[in-house]
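Heads up: the protein sequence lines correspond to chains A and B, in order.
Residue numbering for the first sequence follows my numbering, beginning at 1 and increasing consecutively.
Residue numbering for the second sequence follows my numbering, beginning at 1 and increasing consecutively.
There are 2 protein chains.
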Amino acid sequence: MPRISAVDVIDVRFPTSATLAGSDAMHPDGDYSAAYVVLRTDTELSGYGLTFTIGRGTDLCVLAARHIAGPLVGREVDELAAALGPTYRTLVGDSQLRWLGPEKGAVHLAAAAVLNAVWDLVARRAGKPLWRLVAEMEPADLVAACDFRYLSDVLTAQEARQMLERLAPSRTERVEHLAEVGYPAYTTGPGWLGYSDDKLRRLCQEAVAAGWSAIKLKVGGNIGDDKRRLAIAREELGPDGTLLIDANQVWEVPEAIAWVNELAQFSPLWIEEPTSPDDILGHAAIRAAVAPVGVATGEHAHNRVMFKQMLSAGAMDYCQVDSCRLASVNEIIPVLLMAAKFGVPVCPHAGGVGLCELVQHMSIVDYVCVSGRLDGRLLEYVDHLHEHFSSPVVVDRARYRLPVDSGYSARMHPESIATYRYPDGEYWRAVRAQR
Amino acid sequence: MPRISAVDVIDVRFPTSATLAGSDAMHPDGDYSAAYVVLRTDTELSGYGLTFTIGRGTDLCVLAARHIAGPLVGREVDELAAALGPTYRTLVGDSQLRWLGPEKGAVHLAAAAVLNAVWDLVARRAGKPLWRLVAEMEPADLVAACDFRYLSDVLTAQEARQMLERLAPSRTERVEHLAEVGYPAYTTGPGWLGYSDDKLRRLCQEAVAAGWSAIKLKVGGNIGDDKRRLAIAREELGPDGTLLIDANQVWEVPEAIAWVNELAQFSPLWIEEPTSPDDILGHAAIRAAVAPVGVATGEHAHNRVMFKQMLSAGAMDYCQVDSCRLASVNEIIPVLLMAAKFGVPVCPHAGGVGLCELVQHMSIVDYVCVSGRLDGRLLEYVDHLHEHFSSPVVVDRARYRLPVDSGYSARMHPESIATYRYPDGEYWRAVRAQR
Chain A
1 MPRISAVDVI DVRFPTSATL AGSDAMHPDG DYSAAYVVLR TDTELSGYGL
51 TFTIGRGTDL CVLAARHIAG PLVGREVDEL AAALGPTYRT LVGDSQLRWL
101 GPEKGAVHLA AAAVLNAVWD LVARRAGKPL WRLVAEMEPA DLVAACDFRY
151 LSDVLTAQEA RQMLERLAPS RTERVEHLAE VGYPAYTTGP GWLGYSDDKL
201 RRLCQEAVAA GWSAIKLKVG GNIGDDKRRL AIAREELGPD GTLLIDANQV
251 WEVPEAIAWV NELAQFSPLW IEEPTSPDDI LGHAAIRAAV APVGVATGEH
301 AHNRVMFKQM LSAGAMDYCQ VDSCRLASVN EIIPVLLMAA KFGVPVCPHA
351 GGVGLCELVQ HMSIVDYVCV SGRLDGRLLE YVDHLHEHFS SPVVVDRARY
401 RLPVDSGYSA RMHPESIATY RYPDGEYWRA VRAQR
Chain B
1 MPRISAVDVI DVRFPTSATL AGSDAMHPDG DYSAAYVVLR TDTELSGYGL
51 TFTIGRGTDL CVLAARHIAG PLVGREVDEL AAALGPTYRT LVGDSQLRWL
101 GPEKGAVHLA AAAVLNAVWD LVARRAGKPL WRLVAEMEPA DLVAACDFRY
151 LSDVLTAQEA RQMLERLAPS RTERVEHLAE VGYPAYTTGP GWLGYSDDKL
201 RRLCQEAVAA GWSAIKLKVG GNIGDDKRRL AIAREELGPD GTLLIDANQV
251 WEVPEAIAWV NELAQFSPLW IEEPTSPDDI LGHAAIRAAV APVGVATGEH
301 AHNRVMFKQM LSAGAMDYCQ VDSCRLASVN EIIPVLLMAA KFGVPVCPHA
351 GGVGLCELVQ HMSIVDYVCV SGRLDGRLLE YVDHLHEHFS SPVVVDRARY
401 RLPVDSGYSA RMHPESIATY RYPDGEYWRA VRAQR
C-alpha cells in the first residue's frame with residue numbers, strides 16, 4: 001500500500017526567449033517554464049505534475065504548490081484514488097490561501113500542478129494512461145470527483161451524470177476509432193510573431209509537407225504585417241486549408257472588431273483571445289460583429305465559473321481549456337460537459353511546456369466520454385520541448401496518437417531537470433558564469 | 001532630489017483567528033495579514049503601502065512584490081510623481097509575470113501593495129494626504145495616471161477627462177462639506193459569524209449608542225441562525241436603521257435567490273457577495289430576483305474589466321472597490337468613473353488590515369472629483385487593528401473625518417512590525433516556543 005512520503009516542487013526554466021519561439025503580441029520574450037511537482041511514495045511509485053509559466057513568477061507557483069501539497073504527505077495512494085473529489089476540495093479550498101484568488105492566479109495554477117500530479121499518481125498506480133483511467137470510471141464516480149460548485153444554474157451534478165451515462169455504453173467504439181485514426185490537430189509552430197517572412201513561409205511549407213492542413217499565426221502587432229503574413233500562410237495552405245489567428249489579448253473591443261474584419265479576407269476559422277480574457281461580454285460583442293470568423297478563448301479563463309459565463313453569454317465558438325490553469329481533471333471535466341451542453345467544440349490550449357502532453361488526455365476524454373464528437377475539434381500542437389519528457393506526445397500526419405504509457409504524461413527526464421532547474425541547474429549556472 | 005534606494009517587503013500577520021473577529025461563512029479562521037512595502041530613499045522620506053491577506057499565502061504576495069518593485073530602485077521621486085501612468089504600466093505589465101494573472105491573484109495583489117507605496121511616497125513628498133494630492137491634480141494629469149485599457153467600449157480616457165472637468169470647479173465646496181460633516185459609514189464589527197447571540201446584541205446596542213445607524217451581519221451558514229441573528233440586529237437598530245448582509249460567496253445562484261428572499265422580511269439594504277465573485281451573469285440574475293434588496297459586490301472583483309462587466313450587465317447596486325485588490329489609485333479611479341457613469345454608488349470594502357485607512361481616501365476622491373454625490377454611499381468601518389498605524393482613521397458618530405497627515409495612511413508602527421512580523425516577530429516566536 002504505497003503512501004505519499006514527500007513532495008518535491010521544482011522551478012524549471014527553458015531559455016526559449018533566445019529563439020523567439022513562443023513570441024506573441026503580449027509575450028515577446030517568454031522563457032517557457034514549469035513549477036514541477038513530484039509526489040514521492042515509500043515505494044518506487046511517484047506522481048508527476050506541473051503548471052506551465054513563462055519565466056519570472058515560476059517561483060511563486062513553486063511556493064504556492066508547496067503550501068497546497070502539504071496535506072498530501074502521509075496519505076495512502078489507494079485511499080486518494082477513492083477520494084478524488086474530497087482531495088480536490090481540501091487542496092483548492094484552503095480557507096486562508098483562497099483570499100489570494102479565489103480560484104485564480106498563482107494559487108490556482110499551483111493547485112493545477114499538484115492535482116495533475118495526484119491524477120498522474122493514481123493513473124500510474126492503476127497502470128493506465130490517464131485518459132483510460134477516466135474512460136473506465138463509472139459516471140457516478142467521475143461526477144463525484146468533479147467540482148460543480150457555482151455551476152448549478154447551468155449544469156447540475158445530476159445532469160452531468162445523465163450526460164456521461166448516455167455515452168458510457170459506446171465508449172469502447174470511440175477508443176477504437178481514435179486508436180485507428182488519432183485525434184485531429186493543428187500546428188502553431190510556423191506562426192510566432194518574432195519570425196521573419198522567409199522563416200514563416202519555409203515553416204508553412206514544411207508543415208504542409210508533413211500533413212498539416214491547419215496552421216495558427218500570431219497577429220495583433222501591426223495590421224500591415226498581419227496582412228502580409230496571412231497572405232503567405234494562406235498561399236502555402238491553399239484555399240481549403242484552415243487558417244487560425246491569435247491576438248493574445250492585445251486589442252480593445254472596438255479595435256478587435258475592426259482589425260478582425262480587415263483580416264477576414266484571409267478566411268480565418270477563428271480569432272483567438274481578441275481582448276482581455278476576463279471580458280466575457282466583450283468577447284460576446286466581438287463574436288457577434290466578426291462572424292463568420294469564430295471566437296476562440298479559454299487559455300486564460302481562470303476557472304469553471306468563467307467558462308460557464310463565456311458559454312451562456314454566447315461569447316465563444318471554440319473552448320480552449322488549459323490543463324494547467326484549471327485545477328486539473330476535477331475542474332476540466334465540468335467545463336467539457338458545459339461545452340457539450342452548449343454545442344461548443346473543445347479545442348484545448350497547448351504548446352508551452354508539457355501542455356501537449358497533458359491536454360491530449362482531456363481531448364480524448366471529451367470524445368470518448370463527454371461529447372462523443374470530433375467535428376470542429378482541433379487540438380493544438382507545437383513542436384518544442386517534448387524531448388524533456390519521458391512519455392512525449394506522438395503526432396503523425398497531423399494526428400495525436402493515443403498515449404500508451406501509464407500516467408498523465410508530464411514526467412520530465414531527470415537530466416533535463418538537472419540542466420534547467422532554476423537558478424541552480426547547469427544551464428543557468430553557465431549563463432551566470434558568462435556574464 | 002530624493003531617489004529610491006531600497007525596497008523592503010515584510011510579511012506581517014496578526015493572530016485574529018484566535019478571537020473569531022473577521023469570521024464569515026467562507027473564511028472561518030483568518031489571520032489578518034499584510035504584505036507591507038517600504039520604498040526607502042536616500043533621504044528621510046519613505047513610502048509605505050500594503051496589500052491585505054488573511055494568513056497563509058502572504059509570503060507569495062511578499063515574493064511577488066519584491067519582483068514587481070525591483071524596477072523602482074534608483075528612480076527619483078519627483079520623476080515618479082510626474083510619470084504615474086508609465087510607472088503603473090511598467091510595474092503591472094511585466095511580460096513574464098503577467099502569465100500568472102493576467103491582472104489577478106497574487107501578482108495583482110502585490111502590484112497593489114507596491115503602487116500604494118508609490119502613491120504614498122509621492123503624496124508624502126508633496127506634503128499632502130493622498131486624497132488631497134489627487135483632488136488637486138488637473139483632470140488631464142489624473143487621466144494620464146489611470147489605466148483605461150480594455151475599457152474603451154464603456155469609458156474612454158477622453159470621456160473620463162470630460163467627467164472630471166465637469167466637477168473640477170466645485171471640488172473645493174465638497175472638500176469643505178466633508179471637513180464639516182465627515183464621510184458616512186457603516187460598521188461590520190458586531191456581526192461576525194463566530195459571535196454568540198448575546199455578543200451580537202451587546203455589540204449592536206453599543207454601536208447604536210455610538211451613533212451607528214447602519215450595521216452589517218455575516219450570513220450564509222444556516223438559515224435558522226441567520227433569521228435569529230437578523231431579528232436581533234433589526235430589533236436593536238429599529239425599523240429605520242440600515243441592515244446590511246454579507247454571504248461571502250457561499251451560495252449557488254438559485255440558492256442565493258431563495259435564501260435572500262427568505263431574509264427579505266428583515267429589510268436588508270443589500271446582500272453582499274451572494275455567489276462566486278467571478279459570476280457577473282449570476283449576480284445579474286440574483287439582482288433581478290431579489291429586488292428590492294440590492295446586490296453589493298466588488299471586494300474580490302480582481303480588476304477594472306470585471307467592474308466594467310458588472311456595471312454594464314446590471315449586476316451590482318453597490319460597487320465595493322478594494323484598495324488592495326485593484327492595482328492602486330491608477331486602476332480604482334477608472335472604476336469610480338464607470339460607477340458614476342452607470343449611477344451606481346461606490347461603497348468600498350474595508351476592515352482587514354489597513355483597508356479603512358486606505359479606502360477612505362478613495363471615497364473622498366469619489367465625492368470630491370468623480371461622482372459629486374454622497375447619497376446611497378456608505379463606507380465600511382471595522383474597529384480593529386487601527387492601533388498599529390501611525391495615522392489611523394478617525395471615525396466620529398459614524399462618520400470618517402478627513403485625513404490630515406501626509407500620505408496614504410498605511411504606515412505601520414515599527415513596534416507592531418517587530419512584534420507581528422512572520423515568522424520571526426516576537427509574537428510568533430513566543431507562539432512557537434509555547435508549542
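Note that the Cβ used here is the ideal one computed from N, Cα and C, for glycine as well.
This structure is a prediction, so every number in the text was calculated from the model and none was measured.
Item: Check whether the stretch 113-120 of chain B touches the stretch 212-224 of chain A, taking contact to mean three or more Cβ pairs, one atom from each stretch, closer than 8 angstroms.; Value: no
Item: Within the continuous beta strand (DSSP E) that includes residue 85 (chain B), where are the two ends?; Value: Careful: residue 85 (chain B) lies outside any beta strand (DSSP E), inside the alpha helix (DSSP H) at 84-92.
Item: For a test of the three-state rule: what should DSSP assign to residue 146 (chain A), helix, strand or coil?; Value: coil
Item: Who are the neighbours of residue 56 (chain B) on chain A, taking C-beta pairs under 8 angstroms?; Value: 67, 94, 96 and 97
Item: Just to confirm the assignment, what range does the beta strand (DSSP E) spanning residue 186 (chain B) have?; Value: 183-191
Item: Can you grab the Cα-Cα spacing for the pair residue 363 (chain A) / residue 66 (chain B), in whole Å?; Value: 39 angstroms
Item: Using a Cβ-Cβ cut-off of 6 angstroms (strictly less than) and excluding sequence neighbours within five positions of residue 49 (chain A), which residues of its own chain qualify?; Value: 37, 113, 116, 117, 120 and 410
Item: Would you call the CB atoms of residue 251 (chain A) and residue 23 (chain A) closer than 7 angstroms?; Value: no
Item: At a CB-CB cut-off below 8 angstroms, which residues of chain A make contact with residue 254 (chain B)?; Value: 152 and 153
Item: Checking contacts by CB at 7 angstroms: is residue 105 (chain A) closer than that to chain B?; Value: yes
Item: Can you find a C-beta in chain A that's less than 7 angstroms from the C-beta of residue 306 (chain B)?; Value: yes
Item: Taking all protein chains shown into account, decide if residue 404 (chain B) is buried (16 or more other Cβ within 10 angstroms of its Cβ) or exposed.; Value: exposed
Item: Can you tell me the Cβ-Cβ gap for residue 2 (chain A) and residue 41 (chain A), rounded? I've got them flagged as a contact below 8 angstroms.; Value: 4 angstroms
Item: Name, going along the chain, the residues of the stretch 3-29 of chain A whose beta-carbon falls closer than 7 angstroms to a beta-carbon of chain B.; Value: 27, 28 and 29
Item: By the DSSP assignment, the alpha helix (DSSP H) with residue 308 (chain B) in it spans what residues?; Value: 304-312
Item: Look at the alpha carbon of residue 104 (chain B) and the alpha carbon of residue 381 (chain B), and state the distance between them as a whole number of angstroms.; Value: 25 angstroms
Item: Using CA coordinates, which residue listed in A:124, A:149, A:310 and A:7 is at the minimum distance from residue 462 (chain A)?; Value: The structure shown has nothing for residue 462 (chain A), since chain A only spans 1 to 435.
Item: Quick check: residue 308 (chain B) and residue 154 (chain B), are their CB atoms within less than 7 angstroms of each other?; Value: yes
Item: At a CB-CB cut-off below 7 angstroms, which residues of chain B make contact with residue 64 (chain A)?; Value: 60
Item: So what's residue 396 (chain B) in DSSP terms, helix, strand or just coil?; Value: strand
Item: To be precise: take each residue of the stretch 405-425 of chain A, compare its Cβ to all Cβ atoms of chain B, and keep it if any distance is under 9 angstroms. Which residues remain?; Value: none
Item: Could you compute how far the alpha carbon of residue 95 (chain A) sits from the alpha carbon of residue 32 (chain B)?; Value: 12 angstroms
Item: Along chain D, in chain order, which residues have C-beta atoms closer than 9 angstroms to that of residue 116 (chain A)?; Value: You won't find chain D in this structure, because its protein chains are A and B.
Item: Alpha carbon to alpha carbon, what distance is there between residue 190 (chain B) and residue 204 (chain B)?; Value: 6 angstroms
Item: Which residues, taken in chain order from the stretch 284-314 of chain A, show a beta carbon closer than 9 angstroms to some beta carbon of chain B?; Value: 285, 300, 302, 303, 305, 306, 308, 309, 312 and 313
Item: Residue 224 (chain A) lies in the alpha helix (DSSP H); which residues open and close that run?; Value: 223-237
Item: Using the beta-carbon of each residue, which ones in chain A are nearer than 7 angstroms to residue 282 (chain B)?; Value: 153
Item: I'd like to confirm the pairing. Which residues does DSSP put opposite residue 272 (chain B) in its beta bridges?; Value: B:246 and B:296
Item: So, with DSSP's three-state summary, where would you put residue 218 (chain B)?; Value: strand
Item: Looking only at DSSP bridge pairs, what is residue 112 (chain B) linked to?; Value: Answer is none; residue 112 (chain B) lacks a bridge partner.
Item: Pick from B:132, B:334 and B:226: whose alpha carbon is nearest that of residue 243 (chain B)?; Value: B:226
Item: Could you tell me the distance, in whole angstroms, from the CA atom of residue 262 (chain B) to the CA atom of residue 268 (chain B)?; Value: 11 angstroms
Item: Do residue 14 (chain A) and residue 420 (chain A) have their C-beta atoms closer together than 7 angstroms?; Value: yes
Item: What's the C-alpha gap between residue 406 (chain A) and residue 348 (chain B)?; Value: 51 angstroms
Item: If you compare alpha carbons, which of B:271, B:186, B:169 and B:249 is closest to residue 293 (chain B)?; Value: B:271
Item: Quick check on the burial criterion: 16 or more other C-beta atoms within 10 angstroms. Buried or exposed for residue 177 (chain B)?; Value: exposed
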